[in-house]
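Below is one structure, written out as structure tokens; comments come after it.
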Amino acid sequence: MPDKQVSISDAESRVMGVLWQRAPQSSEDIVAALQQPTGWHGKTIRTLLNRLLRKGAVSAQKDGRRFLYSPLLGREAWQLQESRSLLDRVFGGKIAPLLTHFSQHEALSAKDVAELRKLLDAIEKRSR
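According to my numbering, numbering within the sequence shown proceeds without interruption in unit steps and concludes at 682.
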């Protein structure tokens, strides 16, 4: 998996999602997985796949008369990149305002609160 940052669009992330679930896959497999839930044409999906290939987010391996595609960008690396970008753009790079925002504008279940407490306890233990 490359360490470089690869910027992918929301639509491209849908293609990556299919590959993160199972790889390698042919373009036909990817089209079949995305066409019905998105309503996109096969050509659109193949265009997105080619963009990801040019960006270095996926690789293509020749398999007879077709290519099999695999992710080079890992889901975790992408999530880290996207969450960092959101945090920087919207909350000035600070986590506390993000949590404040969600606590004020979203209904947090008792389970959510317990998970947050557990996470904060773990962070506190590591910083000692």
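Every residue gets a Cβ at the ideal spot worked out from N, C-alpha and C, and that includes glycine. Note that the structure is a prediction, hence the values are computed from the model and not measured.
Cβ neighbour criterion (16 or more within 10 Å) applied to residue i
i    : result
Q633 : exposed
A587 : buried
E678 : exposed
P625 : buried
D599 : One point to set straight first is that residue 599 is Ile, not Asp, in the sequence displayed. Result: buried.
V644 : exposed
A664 : exposed
Unbroken beta strand (DSSP E) run spanning residue i, endpoints
i    : result
S613 : 612-617
Residue range of the unbroken alpha helix (DSSP H) whose run includes residue i
i    : result
Q575 : 564-575
Secondary structure of residue i, DSSP reduced to three states
i    : result
D675 : helix
Q579 : strand
S681 : helix
Q590 : helix
V585 : helix
Distance, residue j Cα to residue i Cα
i    : j    : result
E660 : L641 : 17 Å
Q635 : L662 : 25 Å
S567 : D675 : 33 Å
K672 : I649 : 16 Å
S581 : D666 : 39 Å
E630 : G646 : 22 Å
P651 : R605 : 35 Å
Heavy atom of the ligand PLP within 7 Å of residue i beta-carbon
i    : result
W632 : With respect to the ligand PLP, the structure shown offers nothing to examine, as it has no ligands at all.
request  = Please go through the region 592-671 and give each complete alpha helix (DSSP H) segment of 4 or more residues, from N-terminal end onward.
outcome  = Listed in chain order, the complete alpha helix (DSSP H) runs (minimum 4 residues) inside the region 592-671 are 596-609, 629-645, 649-659.
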